[in-house]
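Trainee: Have a look at this one before I ask anything.
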Amino acid sequence: MSEDRKKKIRNFSIIAHIDHGKSTLADRILEFSDTVAKRDMEEQLLDDMDLERERGITIKARAVRIDYNAPDGENYIFNMIDTPGHVDFNYEVSRSLNACEGALLVVDATQGIEAQTLANAYLAADAGLELVPVVNKMDLPSADLDRVRNEIEDVIGIPAEGCPAVSAKTGLNIADVMQAIIDQIPSPGGDEDAPLKCLIFDSVYNSYLGVVVYIRVVDGTLREGDLIRLMSTGAEFETVEVGVMEPFGLKRTGALYAGEVGYLTASIKNVADTRVGDTVTHAERPAAEPLPGFKHVQSMVFAGIYPADGSKYNETKDALEKLRLNDAAFTFEPETSIALGFGFRCGFLGLLHMEIIEERLEREFNLDLITTAPSVIYRIKKKNGETVFIDNPTNYPSPDEIEEAAEPVVKASLITPAEFVGGIMDLCQDRRGVFVDMKYLDTERVELHYRLPLNEIIYDFFDALKSRSKGYASLDYELDGYEPSSLVKMDFLLNGEQVDALTFIVHSEKAYPRARKIAEKLKDNIPRQLFEVPIQAAIGSKVIARETVKALRKDVLAKCYGGDITRKKKLLEKQKEGKKKMRQLGSVSISPEAFMAVLKLGDE
Amino acid sequence: MKIDLYDKKRLGIYVHVPFCISKCAYCDFNSFVPKSELIMADYVDAVVSHMEDYREAGKGYVADSVYFGGGTPTALPQRELKKLLSAVGKNFDVSKKAEFSVEVNPGTADLSLFKMMRRCGVNRISMGLQSADNRELAALSRCHTRQEFAESFRLARQAGFDNISVDLMFGIPGQTVESMLKSLAFVMRMEPEHISLYNLKIEPGTPFYENREELKAVLPSEEVEFEMYRAAIEAMEKRGYMQYEISNFARFGYRCLHNLKYWNCEEYLGFGVSAHSYFNSNRFAFIDSVDRYIAAVKDKNSPVRITKESEAVEARERMGEYIMLRFRLTDGIGSVDFARRFGVSFESLYGRKIEKYVKDGFIEKREGTYALTPAGMFVSNYILSDILEFEDLGAVTGNIT
Numbered sequence: 001m002s003e004d005r006k007k008k009i010r011n012f013s014i015i016a017h018i019d020h021g022k023s024t025l026a027d028r029i030l031e032f033s034d035t036v037a038k039r040d041m042e043e044q045l046l047d048d049m050d051l052e053r054e055r056g057i058t059i060k061a062r063a064v065r066i067d068y069n070a071p072d073g074e075n076y077i078f079n080m081i082d083t084p085g086h087v088d089f090n091y092e093v094s095r096s097l098n099a100c101e102g103a104l105l106v107v108d109a110t111q112g113i114e115a116q117t118l119a120n121a122y123l124a125a126d127a128g129l130e131l132v133p134v135v136n137k138m139d140l141p142s143a144d145l146d147r148v149r150n151e152i153e154d155v156i157g158i159p160a161e162g163c164p165a166v167s168a169k170t171g172l173n174i175a176d177v178m179q180a181i182i183d184q185i186p187s188p189g190g191d192e193d194a195p196l197k198c199l200i201f202d203s204v205y206n207s208y209l210g211v212v213v214y215i216r217v218v219d220g221t222l223r224e225g226d227l228i229r230l231m232s233t234g235a236e237f238e239t240v241e242v243g244v245m246e247p248f249g250l251k252r253t254g255a256l257y258a259g260e261v262g263y264l265t266a267s268i269k270n271v272a273d274t275r276v277g278d279t280v281t282h283a284e285r286p287a288a289e290p291l292p293g294f295k296h297v298q299s300m301v302f303a304g305i306y307p308a309d310g311s312k313y314n315e316t317k318d319a320l321e322k323l324r325l326n327d328a329a330f331t332f333e334p335e336t337s338i339a340l341g342f343g344f345r346c347g348f349l350g351l352l353h354m355e356i357i358e359e360r361l362e363r364e365f366n367l368d369l370i371t372t373a374p375s376v377i378y379r380i381k382k383k384n385g386e387t388v389f390i391d392n393p394t395n396y397p398s399p400d401e402i403e404e405a406a407e408p409v410v411k412a413s414l415i416t417p418a419e420f421v422g423g424i425m426d427l428c429q430d431r432r433g434v435f436v437d438m439k440y441l442d443t444e445r446v447e448l449h450y451r452l453p454l455n456e457i458i459y460d461f462f463d464a465l466k467s468r469s470k471g472y473a474s475l476d477y478e479l480d481g482y483e484p485s486s487l488v489k490m491d492f493l494l495n496g497e498q499v500d501a502l503t504f505i506v507h508s509e510k511a512y513p514r515a516r517k518i519a520e521k522l523k524d525n526i527p528r529q530l531f532e533v534p535i536q537a538a539i540g541s542k543v544i545a546r547e548t549v550k551a552l553r554k555d556v557l558a559k560c561y562g563g564d565i566t567r568k569k570k571l572l573e574k575q576k577e578g579k580k581k582m583r584q585l586g587s588v589s590i591s592p593e594a595f596m597a598v599l600k601l602g603d604e
Numbered sequence: 001m002k003i004d005l006y007d008k009k010r011l012g013i014y015v016h017v018p019f020c021i022s023k024c025a026y027c028d029f030n031s032f033v034p035k036s037e038l039i040m041a042d043y044v045d046a047v048v049s050h051m052e053d054y055r056e057a058g059k060g061y062v063a064d065s066v067y068f069g070g071g072t073p074t075a076l077p078q079r080e081l082k083k084l085l086s087a088v089g090k091n092f093d094v095s096k097k098a099e100f101s102v103e104v105n106p107g108t109a110d111l112s113l114f115k116m117m118r119r120c121g122v123n124r125i126s127m128g129l130q131s132a133d134n135r136e137l138a139a140l141s142r143c144h145t146r147q148e149f150a151e152s153f154r155l156a157r158q159a160g161f162d163n164i165s166v167d168l169m170f171g172i173p174g175q176t177v178e179s180m181l182k183s184l185a186f187v188m189r190m191e192p193e194h195i196s197l198y199n200l201k202i203e204p205g206t207p208f209y210e211n212r213e214e215l216k217a218v219l220p221s222e223e224v225e226f227e228m229y230r231a232a233i234e235a236m237e238k239r240g241y242m243q244y245e246i247s248n249f250a251r252f253g254y255r256c257l258h259n260l261k262y263w264n265c266e267e268y269l270g271f272g273v274s275a276h277s278y279f280n281s282n283r284f285a286f287i288d289s290v291d292r293y294i295a296a297v298k299d300k301n302s303p304v305r306i307t308k309e310s311e312a313v314e315a316r317e318r319m320g321e322y323i324m325l326r327f328r329l330t331d332g333i334g335s336v337d338f339a340r341r342f343g344v345s346f347e348s349l350y351g352r353k354i355e356k357y358v359k360d361g362f363i364e365k366r367e368g369t370y371a372l373t374p375a376g377m378f379v380s381n382y383i384l385s386d387i388l389e390f391e392d393l394g395a396v397t398g399n400i401t
């Protein structure tokens, strides 16, 4: 490949806060370049899961190659890499960014900079990318171009004067974006004769091809038939196909050169073998060093997932396996609960990741699930010198075995309109946050930094944040190690029997209020039985909260008026339908809703 | 021996009169205050004509119970009520010994009306009192007082009615165990033959339902309601009113034969809007709208469907119905009777399921019969929905239309 051709390549990402129009802009770029005819245009083409389209977020990274015939008569190749837009997927974002030379930073003209705008801008700057600001949603009456441009200059520190001001929705000024990509984003470097170095930025499983690995060739040349090695594991494979990604499928090219973005297949069976961030090199002439920045992503949030109908265990397992094929960050292993029967302990990158997996299981596989309260990984130093990591509250050691308990904490950045600062500070305080600093982004918006225990964030934090800021505040966080903490294990007993699926770990100071609240919630959600059901929250053998589900004394005594027997039968039928869904726990029947209700307590 | 019943099958006849002088705030029955006497006359004509349509079907049956319910049958002008009462005997073979009941609201009947009813063959009056506490009556928006009830009762006796039933209610806003027992004592002093005691239920579509949140504060709790029920049963038994069904109490020989038909899975035909029938192994009901009912009866080619639901009751479902209905009765379910009806023993099908209820005192087992105890009757839906299978309720065949 000639140096001339390389000069015509632009590799870039689009980064933005959720809902600022990233995927819509990607659609417009595809359309503008005639890569996709208008009639084939589905909204948000790159988000090909229904869930992504609905929620307006990108869950998996994706890349597409665009041939663009510019007004100057030159033909350019744009490799556009769509990145996941959520804090759970920061590592994936950082790897995708490393495959690029530049990034379009999309900012909503009505909202301005948000927490993830900043977080993503920092990630892009860390990766040495040229940032091209794009102000979107200019079609809205409340668009304020000057304010947003000033904010970009003041807060992020990049020039925004004259940056493209577009409406991805209506297609306004997309040509400016195309020109900015050509003018401002550098063409890739790299030496196509050097030893091969390719960065893996994603992989997907395909039942015909095996794993399709998305790569950016940094140095060297990759050809079909080459024997390749994955540098983190040393595993070797023979390349079968090499090519580029087009909007509606893969196109074999036989070779990829330094500076290009494309894919390879090599009869790889498991996406876990092709970790995002790993380096692909030649087995016979390997690179001396892998590309920097590779790390094993680890699940931060764990929860039990159980089929609501116990007989659906195998179907649930098949579904989890299918999801794992495409998601190396998602882990699961079988676990058993006395209350819920056979199920799985699942590990997620974060809460959103967890919600997505749950929702996909229910939607794509039509499963009815019970999910237990999410937990983080606690680090316990035992008195016998052993250190254990606990991701399931049920396995939490008894207090007399514990020398020191530690929990993961995060560095959190919250951006909010100034009027909500008080409420948000109260919330962070309440969630055991340690204030770090606060600064005004402009006269109306404030960025707050806190250190917060992760287990407070996974517990209803987003909802509380939204309700205290009328939906305006945004949050970004990254893991920042472990800190010793005073933790206790809280159990719940129904009718004297412990319900393992309800056990959780909580800071000792918050144990009482939370125990009371959950006990109350359980009371409201456990259907009444013909006998009294005591609900107890206990730390060890000490009961700290108590409620009672009163015995059912009466149900409807309506007369069978005028011989209307059918109505009576329908009523009984409905009642029976409800009973069928119950879990039997000893002598107590519990509805699946009861387990779910304790997950969402609302903002106090 | 009732000789006249030997050759013929027995039938109950129900007639629904959907008119009232005023609508009570808790009532979800099909009843309303008519705009004019004209519509009442049209309605009566339609019901009479509807009975004529069933004349053929009723051959081979003898009616041993007739029941006029509502609404308020006595809200009809006297001549219209008379027309309707007489129509039954003109179209069906009504036994001379048949129980013939009419519901009467206090204040809606004078002596001449009672006498007219007597002449038409009516021999049982069911009076809706609900409470003898005038404040509670006001809370229910009933249109009569305790004094008006006493007067109506006296007139009925004077006209010669020797079988009178009185409806009472518990669970009324503001009601206490004491006030409920006082109402009951008041009624028992009048010495009716039969007492029905219903639990107020807040039904969708009623003013009570609209105000259910505010009502919560004044409605008796479940515990209090249970105590009302328990205490009422005890008080009535002391005075010879023996419970024979969840809500019904009678002196010896005065159980309501018509209602017993419902609970014994016997046949009955209903006429008028919203009237239900169980006839030839079919359950069906007529539409609720008076106008549409009149139109459909008058014009046989009318596109208006007069039935709103109908279902053929299959064998297994018949068994479920039997259990559901017989468990309302203190006589309960007899092993021998059950086996004779269905050719299978009750114990083999349901024995294991009812074990725990027997153990916990919700079902009483004695000499080959199973019956709900008062505590069991109070939670009968819970128990029935547990022991009956979907097949018993007709859900599997899905034949409820």
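Chains A and B, in that order, give the protein sequences.
Okay, so the first sequence: first residue is 1 according to the working numbering, each after it adds one.
Okay, so the second sequence: first residue is 1 according to the working numbering, each after it adds one.
All residues carry an ideal CB built from backbone N, CA and C; glycine is no exception.
Being a predicted model, the structure only gives us computed values, none of them experimental.
1) On the three-state DSSP scale, how would you describe A/L367?
2) Shorter than 8 Å from the beta carbon of B/D162 to some beta carbon of chain A?
3) Could one say the Cβ of A/G56 lies closer than 8 Å to chain B's Cβ atoms, at least one of them?
4) Are the Cβ atoms of B/V177 and B/A231 separated by less than 8 Å?
5) Which one of A/K295, A/R285, A/E362 has the shortest CA to CA distance from A/K312?
6) Residues of chain A with a CB under 8 Å from the CB of B/L388: which are they?
7) Kindly list, in the order they appear in chain A, the residues whose Cβ is closer than 8 Å to that of B/V379.
8) With a Cβ-Cβ cutoff of 8 Å, do B/E223 and B/R316 count as a contact?
9) For A/Y309, which residues in chain B fall below 9 Å Cβ to Cβ?
10) Between A/Q529 and A/K521, what straight-line distance do the alpha-carbon atoms span, to the nearest angstrom?
11) Identify whether A/G249 lies in helix, strand or coil by the three-state DSSP scheme.
12) Residues bridged to A/L105 by DSSP?
13) For B/R326 and B/K216, I'd like the C-alpha separation in whole angstroms.
14) Is there a Cβ from chain A that is less than 8 Å from the Cβ of B/E355?
15) Taking all protein chains shown into account, decide if A/I338 is buried (16 or more other Cβ within 10 angstroms of its Cβ) or exposed.
16) Can you list, in chain order, the residues of its chain whose CB lies under 7 Å from that of B/R281, leaving out five sequence neighbours each side?
17) Mind listing, in chain order, the continuous beta strand (DSSP E) runs of no fewer than 3 residues lying wholly within the region 304 to 358 of chain B?
18) Closer than 7 Å, Cβ to Cβ, to anything on chain A: give me those residues from the region 113 to 146 of chain B, in chain order.
19) Taking the alpha-carbon positions, what's the A/K574 to A/D318 distance?
20) Per DSSP, what kind of secondary structure is A/S337 in: helix, strand or coil?
21) Quick one: list the residues of chain B neighbouring A/D564, beta-carbon separation under 8 Å, in chain order.
22) Got a sec, what are the start and stop residues for the beta strand (DSSP E) A/Y68 sits in?
23) Would you mind working out which of B/R119, B/V166, B/E364 sits nearest B/A132, comparing C-alpha positions?
24) Can you list, in chain order, the residues of its chain with a C-beta nearer than 7 Å to that of A/P159? Leave out the 5 residues immediately preceding and following it.
25) On the DSSP bridge assignment, give the partners of A/C346 in chain order.
26) Would you kindly work out how many angstroms separate the C-alpha atoms of B/L168 and B/A138, rounded to a whole number?
27) Whose C-beta lies closer than 8 Å to the C-beta of B/G205 among residues of the same chain, with five residues either side of it excluded?
28) Applying the 10 Å Cβ sphere with the 16-neighbour rule, what's the burial state of A/R10?
29) For A/K387, count the other beta carbons within 10 Å of its own beta carbon; 16 or more makes it buried, fewer makes it exposed. Which is it?
30) Counting only beta-carbon separations shorter than 8 Å, does A/K579 have a partner in chain B?
31) Give every residue of the same chain whose Cβ lies closer than 8 Å to the Cβ of A/M438, excluding the five residues on either side of it in the sequence, and list them in chain order.
32) Note down, in chain order, every chain A residue with its Cβ under 7 Å from the Cβ of B/E222.
33) Quick check on DSSP: helix, strand or coil for A/M438?
34) Could one say the Cβ of A/K523 lies closer than 8 Å to chain B's Cβ atoms, at least one of them?
35) Curious, which full-length beta strand (DSSP E) runs of at least 3 residues does the region 67 to 110 of chain B contain?
36) Starting from B/G58, find everything on chain A with Cβ-Cβ shorter than 9 Å and list it in chain order.
Mentor: Judging by the given coordinates:
1) Taking the first residue of the first sequence as 1, we reach residue 367 of chain A at position 367. Of the three classes helix, strand and coil, the one that applies to A/L367 here is coil, per DSSP.
2) The sequence position of residue 162 of chain B within the second sequence is 162, counting from 1. By this cut-off, B/D162 is not an interface position.
3) Here residue 56 of chain A refers to the residue found at position 56 of the first sequence. For A/G56, the predicted model reports a pLDDT of 46, less than 50, meaning its position is unreliable; a value from the coordinates is still stated below. So no, A/G56 is outside the interface.
4) Counting from 1 along the second sequence, the entry for residue 177 of chain B is found at position 177. Counting from 1 along the second sequence, the entry for residue 231 of chain B is found at position 231. Yes. Within cutoff.
5) Within the first sequence, residue 312 of chain A is the residue found at index 312, counting from 1. Checked all of A/K295, A/R285, A/E362; the closest Cα to A/K312 is A/E362.
6) Taking the first residue of the second sequence as position 1, residue 388 of chain B is located at position 388. Those within 8 Å of B/L388 in chain A are L572, K576.
7) If you number the second sequence from 1, residue 379 of chain B lands on position 379. In chain order: L530, L552, R553, K554, D555.
8) For the purposes of this step, residue 223 of chain B is taken as the residue at position 223 of the second sequence. For the purposes of this step, residue 316 of chain B is taken as the residue at position 316 of the second sequence. Contact flag unset, no.
9) Taking the first residue of the first sequence as 1, we reach residue 309 of chain A at position 309. The amino acid occupying residue 309 of chain A in the given sequence is Asp; Tyr does not appear at that position. Simply none; closest approach about 16 Å.
10) As a first step, residue 529 of chain A must be located in the first sequence, where it is residue number 529. As a first step, residue 521 of chain A must be located in the first sequence, where it is residue number 521. Cα to Cα, A/Q529 sits roughly 17 Å from A/K521.
11) Here the question's residue 249 of chain A lines up with position 249 in the first sequence. In this structure, A/G249 counts as strand in the three-state DSSP scheme.
12) Along the first sequence, read from residue 1 onward, the residue named residue 105 of chain A stands at position 105. According to DSSP, A/L105 bridges with A/I15, A/P133.
13) Locating residue 326 of chain B in the second sequence gives position 326, counting from the first residue. Locating residue 216 of chain B in the second sequence gives position 216, counting from the first residue. Going from the Cα of B/R326 to the Cα of B/K216 covers about 33 Å.
14) Within the second sequence, residue 355 of chain B is the residue found at index 355, counting from 1. Not an interface residue.
15) The residue labelled residue 338 of chain A in the question sits at position 338 within the first sequence. Exposed: under 16 other Cβ atoms inside 10 Å.
16) Within the second sequence, residue 281 of chain B is the residue found at index 281, counting from 1. First, the amino acid is wrong: residue 281 of chain B is Ser here, not Arg. Here the set comprises A312, V313.
17) 307 to 312
18) none
19) Counted from its first residue, the first sequence places residue 574 of chain A at position 574. Counted from its first residue, the first sequence places residue 318 of chain A at position 318. Spanning the two alpha carbons is a distance of roughly 32 Å.
20) Numbered from its first residue, the first sequence carries residue 337 of chain A at position 337. Strand, per DSSP.
21) Within the first sequence, numbered from 1, the residue matching residue 564 of chain A stands at position 564. Near A/D564 (Cβ distances below 8 Å), the residues of chain B are H276, A285.
22) Sequence index remark: in the first sequence, residue 68 of chain A carries index 68 (1-based). Segment 62 to 69, the beta strand (DSSP E) holding A/Y68.
23) Residue 132 of chain B sits at position 132 when you count from the first residue of the second sequence. Out of B/R119, B/V166, B/E364, B/V166 has the C-alpha closest to the C-alpha of B/A132.
24) Start at 1 with the first residue of the first sequence, and residue 159 of chain A comes out as number 159. Counting only Cβ-Cβ distances below 7 Å, and skipping sequence neighbours, we find E153.
25) Your numbering for residue 346 of chain A matches position 346 in the first sequence. A/A303, A/F332.
26) Here residue 168 of chain B corresponds to residue number 168 of the second sequence, with the count starting at 1. Here residue 138 of chain B corresponds to residue number 138 of the second sequence, with the count starting at 1. Those two C-alpha atoms are separated by around 15 Å.
27) As a first step, residue 205 of chain B must be located in the second sequence, where it is residue number 205. Same-chain partners within the cutoff: D28.
28) The count along the first sequence starts at 1 and reaches residue 10 of chain A at position 10. Label assigned to A/R10: buried.
29) The sequence position of residue 387 of chain A within the first sequence is 387, counting from 1. Here residue 387 of chain A turns out to be Thr, not Lys, going by the sequence shown. Its Cβ having fewer than 16 others within 10 Å, A/T387 is exposed.
30) Your numbering for residue 579 of chain A matches position 579 in the first sequence. Closer than 8 Å to some Cβ of chain B, the Cβ of A/K579 qualifies, so yes.
31) Locating residue 438 of chain A in the first sequence gives position 438, counting from the first residue. Counting only Cβ-Cβ distances below 8 Å, and skipping sequence neighbours, we find V421, V446, E447, L448, H449.
32) Mapped onto the second sequence, residue 222 of chain B falls at position 222. Near B/E222 (Cβ distances below 7 Å), the residues of chain A are R553, K554.
33) Position 438 of the first sequence, counted from the start, is the residue given in the question as residue 438 of chain A. Strand.
34) Position 523 of the first sequence, counted from the start, is the residue given in the question as residue 523 of chain A. Not an interface residue.
35) 94 to 104
36) Reading the second sequence from its first residue, position 58 is the one you call residue 58 of chain B. Correct list: empty, because the minimum Cβ distance to chain A is about 17 Å.
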